[in-house]
Structure formats: C-alpha cells, structure tokens
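These notes are about the structure you will find just below.
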Amino acid sequence: MVTKSPAALARQGKDNCPWQRVEPDGSNLTVDKFPSTLIVQLANMLRREVTTQYAERFGLTVSEWRLLALIVRFSPLPFGELVRLSSSDKALVSRTLRILEQRGFCSVQPEPGGNRKKLVCVASEAGTDLYEQIMPVAQKYQANVLAQLDEPERVALYTALMKLRKAADAGLLRVPTAHDATDR
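My numbering applies: residue 8 is where the sequence shown begins, and numbers increase by one.
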C-alpha cells in the first residue's frame with residue numbers, strides 16, 4: 008500500500024475528504040485523520056514555524072509570550088481567568104508567571120477587595136512595552152498564515168473552530184461510555 012504525503016492529499020481537494028461521511032461510531036476514521044490528530048499536528052507546526060519565530064526574537068518562550076499577551080490585553084487579570092484563557096494547566100501558568108514576574112513584565116497581587124487568596128496579574132510598563140513591540144510582528148506572521156486561505160476558507164475555518172470550541176466548552180464532545188453509567 009502506497010501512502011500519499013499530506014501535501015498530495017491536500018491537493019486532491021474536498022472530493023476525497025475523509026470526513027464527508029462519518030459513521031456514527033467513527034469506524035471509517037483512521038487515527039491519522041482524526042480531527043484531534045490533525046488539529047494538534049497543525050498547532051504544533053504553527054507553534055514551531057510561526058509563534059516560536061517571533062517569540063524567541065524578543066527573548067520569550069511561546070508560553071511566556073501567550074501569557075504576557077493575555078495579561079497586557081486584560082490587565083488586571085484574575086489568575087483563574089488567565090489559566091482558563093490560556094488553556095494551560097495551572098502549574099505551567101504558575102511557573103511561567105513566576106518567570107515573567109522575575110523579569111519585570113508583570114506583577115501578581117492579591118485581588119482588590121480583600122480576598123488575599125485570590126490573585127490578579129497586572130502588566131508592568133516593561134511588559135506593556137515589550138507587548139507593543141512584539142504585537143505588530145506577531146500580527147504580520149499570523150496574517151501570513153491566514154493569507155494561505157482565501158476568504159471563504161478563512162470564514163469556514165473560523166466558524167468551524169468556534170463551533171467546536173463552543174461544543175467543547177459545553178461538554179458536548181465527550182461520548183458517554185458504559186463506565187460513565189457505573190461511575191454514578
């Protein structure tokens with residue numbers, strides 16, 4: 008059996024899309040065509056070929072850049088909200104936040120109003136300045152990614168991603184199993 012390269016498969020177009028007809032039990036899907044596999048592969052490629060390129064240029068890791076961008080955009084940002092928005096685990100966010108704070112790009116303070124257990128992240132002037140230097144470069148790189156698609160493809164991709172994100176947020180992507188019934 009000859010396996011075609013991803014580029015060759017992409018050229019074949021939608022006529023050969025393995026998702027046109029999906030069996031309810033997914034029996035016609037192969038692991039290399041799982042949506043989760045393709046999305047993760049693409050995310051890893053984009054991180055390596057796009058985001059890492061400009062983050063490292065400014066002396067940041069991808070994780071540091073993503074958190075800094077969120078903190079500057081939404082400052083003051085509650086820690087729990089930063090974890091949610093970043094879609095990262097709490098430990099990674101804590102470690103990365105500590106590095107950003109040590110470098111003077113943000114501060115972590117008790118939430119105003121007295122609850123000392125709840126923390127908020129506040130962008131510093133240095134963090135905001137760095138963000139303002141990186142953002143135009145990041146926008147150019149991201150625009151180049153989107154330029155690979157025509158307008159209808161961009162709209163379809165955005166719409167599909169938002170629909171899947173909403174379904175994931177609502178817990179609709181989880182398939183009940185026999186174990187679920189016995190766990191109750």
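Each residue gets a CB set at the ideal place from its N, CA and C atoms; glycine is no exception. For clarity, every value in this text was computed on a predicted model and none was experimentally measured.
* Excluding the five sequence neighbours on either side, which residues of its own chain have a C-beta within less than 8 angstroms of the C-beta of GLY134, listed in chain order? -> Translated into positions along the sequence shown, residue 134 becomes position 127. Correct list, in chain order: LEU75, ILE78, VAL79, LEU107, GLY111, PHE112 and CYS113.
With DSSP as the reference, please indicate the residues paired to ALA130 in a beta bridge.
Taking the sequence shown and counting its residues from 1, one reaches residue 130 at position 123. BP columns for ALA130 point to CYS113.
| task | Take PRO87 as the anchor and find which of GLU63, VAL29 and LYS124 has the nearest alpha-carbon. | result | Along the sequence shown, read from residue 1 onward, the residue named residue 87 stands at position 80. First, the amino acid is wrong: residue 87 is Gly here, not Pro. Of the listed residues, the one whose Cα sits closest to GLY87 is LYS124.
- prompt: So, do the stretch 51-59 and the stretch 144-154 have three or more beta carbon pairs nearer to each other than 8 angstroms?
  reply: The answer is yes - the stretch 144-154 touches the stretch 51-59, with three or more Cβ pairs under 8 angstroms.
Supposed close pair VAL115, PRO83 - CB separation, criterion 8 angstroms: Taking the first residue of the sequence shown as 1, we reach residue 115 at position 108. Taking the first residue of the sequence shown as 1, we reach residue 83 at position 76. Here VAL115 is actually not in contact with PRO83; their C-beta atoms are around 10 angstroms apart, not less than 8 angstroms.
| query | Can you tell me whether ALA98 is buried or exposed, with buried defined as 16 or more other CB within 10 angstroms of its CB? | reply | As a working mapping, residue 98 is identified with position 91 in the sequence shown. Here ALA98 is exposed. Its C-beta has fewer than 16 other C-beta atoms within 10 Å.
- What is the rounded straight-line gap between the Cα of LYS45 and the Cα of ALA185? Residue mapping note: residue 45 aligns to position 38 of the sequence shown, counting from 1. Residue mapping note: residue 185 aligns to position 178 of the sequence shown, counting from 1. It should be pointed out that residue 45 corresponds to Leu in this sequence rather than to Lys. Distance between the alpha carbons of LEU45 and ALA185: 28 angstroms.
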